[in-house]
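Trainee: In my numbering, the protein residues as written are 1 to 402.
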Ligand code: FAD
Ligand code: NAD
């Protein structure tokens, strides 16, 4: 039999870690490895709120795939995946097609607007480098326009953020840094520019306890962020959000939806059985009933047996899944037993801008303030190391020695 062909879809956390580990474990004689990604670069999805606020340059959050994988060991294809034809073991791309013996689907997340009228048409979403860059440029444009107009509307300087989960809160934390800089740059009174976070639930960041949530809210309010908590967004229009039962309109010049994400639509197109937009996979990360298809990261649910519910989708989870998927594919090729995925939680940290944050780290210890902000940078650098290796950390890391 000719050597097996492993095709990995997506070069995010899960896909890139799988590919790198496979290329270390398997010799070129044992298998052909193909990595397919929309772009010729990997981006750190976990840094996108910084790109969207304009507190980091988009190029810091991405690196070329050829800097992380050896093109002599991995065939790189830069193209968009349209569909997986499982019965023919074939992947349809925008510009070509690829067959596989083993398939890894790691195509990440898309924004989920839950059908809220007008949200897709009128709100920005933080989903990749270009969508995030667009938000930063739109915000700056609003400030530049305001500064150049005779009778500008103050509403054009309002930034509305819908959803007070991790993404929404980390994003307003970055905006609390950026907005004062923009006011200074365009000579605008700081009180004219508003940052408003709208959350339907009774609290922001439900993962953290009351103590940390109170700290986070106060820290952000002290830096000018306004909260509308317990306020469901009913509709989005060109003017802003319509909220609550009395249909109040909150006007803004920039509207960003951070109210949720779901799995890549390629899953639905390919006929996988979906639960809330993702595929339930077995403990070895394969699709039930499929010998040769692994689905990872934000495209799948993996059951946390202790908690009795799936693990929440995070970069940390996707990275660890990538390593286990590579081990299991190598085991399949070598006729060895597969292992079950077990998540090793290294803790959770949310940034609140550059110098502040909150977190639960090992053994349930709580951290806040500068310690949490520093920990977040360590986490970010560790993530870079896992997907790219030491050279990438030196080039793009947040604790660069130069
Ligand atoms: P991704 O990393 O999103 O990678 C998917 C890849 O597939 C991308 O390279 C994309 O270009 C490619 N792709 C997509 N569609 C196609 C297609 N049709 N064809 C070809 N290629 C395609 N998690 C944490 O653990 N810690 C954090 O601090 C954290 N912060 C976050 C901050 C923000 C702003 C956001 C939005 C998320 C954050 N998360 C965090 C969650 C984390 O980013 C995701 O859980 C993680 O990215 C999922 O990894 P993945 O490998 O499944 O997908
Ligand atoms: P999320 O689902 O965690 O949060 C969305 C928030 O929007 C929720 O609080 C929800 O109540 C709110 N919402 C939904 N509909 C609404 C409506 N109509 N009106 C007002 N509010 C509404 O989504 P996310 O924040 O994008 O996070 C996605 C995933 O990425 C999560 O699993 C998260 O853990 C992960 N993430 C992790 C980090 C981190 O670890 N630092 C950072 C960002 C994202």
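Backbone N, C-alpha and C define an ideal beta-carbon position, used for all residues, glycine too.
Since we're looking at a predicted model, the values are computed, not measured.
Could you tell me which residues DSSP puts in a beta bridge with residue 71?
Mentor: Residue 71 pairs with nothing; no bridge assigned.
Trainee: With distance defined between alpha-carbon atoms, name the residue in 5, 113 and 386 nearest to residue 73.
Mentor: Nearest C-alpha to residue 73: 5.
Trainee: Which two residues bound the contiguous alpha helix (DSSP H) that contains residue 37?
Mentor: Careful: residue 37 lies outside any alpha helix (DSSP H), inside the beta strand (DSSP E) at 32–37.
Trainee: Report buried or exposed for residue 401, applying the criterion of at least 16 other Cβ atoms within 10 angstroms of its Cβ.
Mentor: The predicted position of residue 401 is uncertain, since its pLDDT is 45 and thus under 50; no value can be drawn from it.
Trainee: Given residue 327, which residues of its chain have a CB within under 7 Å of its CB, disregarding the five upstream and five downstream residues?
Mentor: Counting only Cβ-Cβ distances below 7 Å, and skipping sequence neighbours, we find 339.
Trainee: Along the chain, where does the alpha helix (DSSP H) that runs through residue 141 open and close?
Mentor: Segment 129–148, the alpha helix (DSSP H) holding residue 141.
Trainee: Tell me the rounded alpha-carbon separation between residue 229 and residue 243.
Mentor: Spanning the two alpha carbons is a distance of roughly 11 Å.
Trainee: Use the C-beta contact count for residue 238: other C-beta atoms within 10 angstroms, 16 or more gives buried, fewer gives exposed.
Mentor: Residue 238 comes out exposed.
Trainee: Between the C-alpha atoms of residue 37 and residue 218, what's the straight-line distance to the nearest angstrom?
Mentor: Going by the C-alpha atoms only, they are around 41 Å apart.
Trainee: Between residue 61 and ligand 2, is the CB less than 7 Å from at least one heavy atom?
Mentor: For ligand 2, not one heavy atom lies less than 7 Å from the Cβ of residue 61.
Trainee: Give a single yes or no on whether residue 98 has its beta carbon closer than 7 Å to a heavy atom of ligand 2.
Mentor: No, the Cβ of residue 98 stays beyond 7 Å of every heavy atom of ligand 2.
Trainee: In whole angstroms, give me the CA-to-CA distance for residue 286 and residue 14.
Mentor: Answer to the nearest angstrom: the Cα atoms are 14 Å apart.
Trainee: Comparing alpha-carbon positions, which option in 369, 42, 250 and 389 lies nearest residue 215?
Mentor: Checking every option, the nearest Cα to that of residue 215 belongs to 369.
Trainee: So which of 355, 53 and 330 has the shortest CA-CA distance to residue 103?
Mentor: Of 355, 53 and 330, the residue nearest in Cα terms is 330.
Trainee: Grouping DSSP H, G and I as helix and E and B as strand, with all else coil, what is residue 180?
Mentor: In this structure, residue 180 counts as helix in the three-state DSSP scheme.
Trainee: For residue 313, count neighbouring Cβ atoms within 10 angstroms of its own Cβ and tell me buried if that reaches 16, exposed if not.
Mentor: Burial call: buried.
Trainee: Would you please state the rounded distance, in angstroms, between the beta carbons of residue 158 and residue 194? I believe it to be under 8 Å.
Mentor: That belief holds up - the Cβ atoms of residue 158 and residue 194 are roughly 4 Å apart, short of 8 Å.
Trainee: Going along the chain, which residues of its own chain have a beta-carbon closer than 8 Å to the beta-carbon of residue 248, five neighbours each way excluded?
Mentor: 242.
Trainee: In angstroms, rounded to a whole number, what distance separates the CA positions of residue 135 and residue 31?
Mentor: Taking the straight line from one Cα to the other gives about 42 Å.
Trainee: Any heavy atom of ligand 1 closer than 7 Å to the beta-carbon of residue 148?
Mentor: Flag unset: Cβ of residue 148 not near ligand 1.
Trainee: Taking DSSP as the reference, what is the three-state secondary structure of residue 290?
Mentor: It is coil, neither helix nor strand.
Trainee: Which word fits residue 62, buried or exposed, when buried means at least 16 other C-beta atoms lie within 10 angstroms of its C-beta?
Mentor: Buried.
Trainee: Starting from the Cα of residue 122, find the closest Cα among 149, 361, 86 and 160 and give me that residue.
Mentor: For the residues 149, 361, 86 and 160, the minimum Cα distance to residue 122 belongs to 160.
Trainee: Under the criterion of a Cβ to heavy atom distance below 7 Å, does residue 4 qualify as lining ligand 2?
Mentor: Checking the Cβ of residue 4 against ligand 2 gives no.
Trainee: With respect to the alpha helix (DSSP H) encompassing residue 215, which residues constitute its N-terminal and C-terminal limits?
Mentor: Counting along the chain, the alpha helix (DSSP H) containing residue 215 begins and ends at 210–222.
Trainee: Evaluate residue 120 with the Cβ neighbour count: other Cβ atoms within 10 Å of its Cβ, from every protein chain shown; 16 or more gives buried, anything less gives exposed.
Mentor: By the 10 Å Cβ count, residue 120 comes out exposed.
Trainee: Would you tell me roughly how many angstroms separate the C-alpha atoms of residue 205 and residue 19, rounded to the nearest one?
Mentor: Approximately 33 Å between the Cα atoms of the pair.
Trainee: Using the rule of at least 16 other Cβ atoms within 10 Å of the residue's Cβ for burial, across every protein chain shown, is residue 150 buried or exposed?
Mentor: So residue 150 counts as exposed.
Trainee: Taking 7 Å as the cut-off, does the CB of residue 344 come closer than this to any heavy atom belonging to ligand 1?
Mentor: Answer for residue 344: no, Cβ out of range of ligand 1.
Trainee: Taking the alpha carbon of residue 155 as the reference point, which residue from 282, 250, 275 and 58 has its own alpha carbon closest?
Mentor: With distances taken between Cα atoms, residue 155 lies closest to 250.
Trainee: Just reading off the beta strand (DSSP E) that residue 262 is part of, what are its end residues?
Mentor: It spans 261–263 - the beta strand (DSSP E) in which residue 262 sits, taken as one unbroken run.
Trainee: Please work out which residues of its chain come closer than 6 Å, Cβ to Cβ, to residue 252, disregarding the five sequence neighbours upstream and downstream, and give them in chain order.
Mentor: Closer than 6 Å at Cβ, skipping near neighbours: 158, 160 and 240.
Trainee: Pair every Cβ in the segment 279–299 with every Cβ in the segment 98–113, then say whether three or more of these pairs are closer than 8 Å.
Mentor: Cβ pair count under 8 Å is three or more, so yes.
Trainee: Are there any heavy atoms of ligand 1 lying less than 7 Å away from the beta-carbon of residue 411, as far as the coordinates show?
Mentor: Residue coverage of the chain in this structure runs from 1 to 402, which leaves residue 411 outside it and unanswerable.
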